[in-house]
Every structure is written in structure tokens, then in C-alpha cells.
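Colleague:
Chains as they are written, first to last, in my numbering: chain A, 19 to 131; chain B, 10 to 121.
Below, the structure written as C-alpha cells:
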């Protein structure tokens, strides 16, 4: 298996622009997680999907952030409008049932100028 | 609210040393605990997962222990190698939730 796939790997954008991050989980995994990692706050869970349904979005910082999972093999995290404080590395992870070993993607390094 | 702390924040050791990384958590009602490795610019790789009913798990030169009552876990690395250089994070899953809480990590450097 190719593992969790994320795109783009790097994104540089200007404040106010819309940013869309993409994730393809490992085939057969029914749980998907979006995380954000910064030096100041470490690794934080943004949202968790199970069987394509958002279960816990309490970590989504503001209404500017939204996430979707239209099918079992694809998820997006959108920031609109983006702000400099959104600069971070965004990780997607998946697993088989939500509570076991998580498999992380390589991350998307976002810089908002 | 679950809080996870890792000490030390950074560690530098000569090759061949055995070492221990520490993780402490405030709420002992956990479902499981995972240790991850993160290389610079890369994602996280799960090393060991310990269920709440277990005391330890081993994989090769790695051994992780769990003491729920004291809110502690340790990751023991035997005969360290330069390739072990990375940041090690522990993550705790509190019972009744699906949200892993991560520590801030220990940055390990093994000198050749």
C-alpha cells in the first residue's frame, strides 16, 4: 500500500486566499484524522471522521476552517480566508477503527504570507 | 482535561548508550498510549501501542512500559544508533474519546 497520501506537500499563499489540502487514506481504513502541528502548540487534532461522517470537530479553530469526506478514499481541509497564523504543517492520518495505531501522511507545509 | 508532558525536551547521547524517554499524563482513565517517531520534515511513524490493560510492549530494541496509576510511560531504547536520531512523541487516548492528546516530544540525537 502507498500509505496515506497528502497533497500538496508545500503551499505558499497570500493572506485572504483560499487553501485546500487533500488526503487519501489507506484503503480499507474507515477512520480519518486531520492534525495541525506548530512549534507553539505542538500536534493538535482538528477533526475526526468515521465512515465518512465527522464525529468530532471540536478542534477546528474557526469557521474559516472546513473539512469534508465525500467518500472513503478522499478528504479535504479548506481554509477560507487564510491568515498568517494558519501557517503550520497539516497532517492527515487514518486507521481501521479510530482507536488503534494511526498511520500518518507526510504532511502539507502551509505558509500564509 | 488530559495533559501530556514529555521530559526531557532534548537529549544527546553517544552511540551505544541505552536511554529512557519519559511521558506523563494527568488523567489515568486511558484507553491506550502510543509512541511515535518523527523525522525532520516527515510525518509520524507509530512505534508501539500499549493498551490500558498492558504493562509493556516490545519491538526490537524498543520497549515501552505503562503505569496507569502513576500516569507514566517510558520508552526504552537499547544500544542507541545514529539512525535513532529523531523526535519521539507519546500520545494518549482518554477512555470514551477518539482524540489522541500528544506530548511536545523529546528530540533525540545519537552521536556517532
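Glycine included, every Cβ here is placed at the ideal spot set by N, Cα and C.
Are any of the Cβ atoms in chain B nearer than 8 Å to that of residue 120 of chain A?
Modeller: Within the first chain, the letter at position 102 stands for residue 120 of chain A. At least one chain B Cβ lies under 8 Å of residue 120 of chain A.
Colleague: What residues in its chain sit with their C-beta under 7 Å from that of residue 38 of chain A, if we drop five residues either side in the sequence?
Modeller: Position 20 of the first chain, counted from the first residue, corresponds to residue 38 of chain A. Excluding positions up to five away in sequence, the list reads 94, 96.
Colleague: Nearest to residue 43 of chain B by alpha carbon, out of B/92, B/116, B/19, B/103?
Modeller: What you label residue 43 of chain B is simply residue 34 of the second chain in a count that begins at 1. Per the Cα distances, B/103.
Colleague: Classify residue 42 of chain A as buried or exposed, calling it buried when 16 or more other Cβ atoms lie within 10 Å of its own Cβ.
Modeller: Along the first chain, read from residue 1 onward, the residue named residue 42 of chain A stands at position 24. Under this definition residue 42 of chain A is a buried residue.
Colleague: Which bits of chain B does residue 66 of chain A rub up against, with CB to CB less than 9 Å?
Modeller: Residue mapping note: residue 66 of chain A aligns to position 48 of the first chain, counting from 1. Result: 107, 108.
Colleague: Report the residue ranges of all beta strand (DSSP E) runs contained in full by the stretch 20-89 of chain A; include only those spanning at least 3 residues, in chain order.
Modeller: If you keep only unbroken beta strand (DSSP E) runs of at least 3 residues inside the stretch 20-89 of chain A, you get 23-25, 28-31, 37-42, 49-56, 60-68, 71-74, 83-89.
Colleague: Would you say residue 104 of chain A reaches chain B, if we count a Cβ-Cβ gap shorter than 8 Å as a contact?
Modeller: The count along the first chain starts at 1 and reaches residue 104 of chain A at position 86. So, not an interface residue.
Colleague: Less than 8 Å between CB atoms is the rule here; does residue 69 of chain B satisfy it with respect to chain A?
Modeller: Within the second chain, numbered from 1, the residue matching residue 69 of chain B stands at position 60. No, no contact with chain A.
Colleague: Going by other Cβ atoms of all chains shown within 10 Å of its Cβ, with 16 needed for buried, is residue 115 of chain A buried or exposed?
Modeller: As a first step, residue 115 of chain A is located in the first chain; it is residue number 97 there, counting from the start. Result: exposed.
Colleague: Could you name the residues of the stretch 32-49 of chain B whose beta carbon sits closer than 9 Å to any beta carbon of chain A, in the order they occur along the chain?
Modeller: 40, 41, 43, 45, 47
Colleague: Determine whether the beta carbon atoms of residue 27 of chain A and residue 127 of chain A lie at a separation below 8 Å.
Modeller: For this step, residue 27 of chain A is matched to residue 9 along the first chain. For this step, residue 127 of chain A is matched to residue 109 along the first chain. Yes.
Colleague: If you reduce the DSSP assignment to three classes, tell me which class residue 103 of chain A lands in.
Modeller: Taking the first chain and counting its residues from 1, the one referred to as residue 103 of chain A is at position 85. Here residue 103 of chain A sits in helix by DSSP.
Colleague: Just by C-beta distance, which residues in the stretch 68-88 of chain A are closer than 9 Å to chain B?
Modeller: 68, 73, 74, 76, 77
Colleague: Do residue 55 of chain A and residue 106 of chain A come within 8 Å of each other at the CB atom, strictly closer than that value?
Modeller: Taking the first chain and counting its residues from 1, one reaches residue 106 of chain A at position 88. Taking the first chain and counting its residues from 1, one reaches residue 55 of chain A at position 37. For the 8 Å CB-CB criterion, residue 106 of chain A and residue 55 of chain A form a contact.
Colleague: DSSP state of residue 91 of chain B, grouped into three classes?
Modeller: For the purposes of this step, residue 91 of chain B is taken as the residue at position 82 of the second chain. DSSP places residue 91 of chain B in helix when its eight states are reduced to three.
Colleague: Tell me which same chain residues have a C-beta within less than 8 Å of the C-beta of residue 16 of chain B, skipping the five on either side of it?
Modeller: Walking along the second chain from the start, residue 16 of chain B turns up at place 7. So the list reads 31, 33, 115, once near-sequence residues are dropped.
Colleague: Run down chain B in chain order and give the residues with a C-beta less than 7 Å from the C-beta of residue 50 of chain A.
Modeller: For the purposes of this step, residue 50 of chain A is taken as the residue at position 32 of the first chain. For the C-beta of residue 50 of chain A, not a single chain B residue is nearer than 7 Å; the gap to the nearest is close to 11 Å.
Colleague: Following the continuous beta strand (DSSP E) through residue 79 of chain B, name the residue where it begins and the one where it ends.
Modeller: Within the second chain, residue 79 of chain B is the residue found at index 70, counting from 1. Here residue 79 of chain B belongs to no beta strand (DSSP E), and DSSP marks it neither H nor E.
Colleague: Buried or exposed: residue 113 of chain A, going by 16 or more other Cβ atoms within 10 Å of its Cβ?
Modeller: Sequence index remark: in the first chain, residue 113 of chain A carries index 95 (1-based). By the 10 Å Cβ count, residue 113 of chain A comes out buried.
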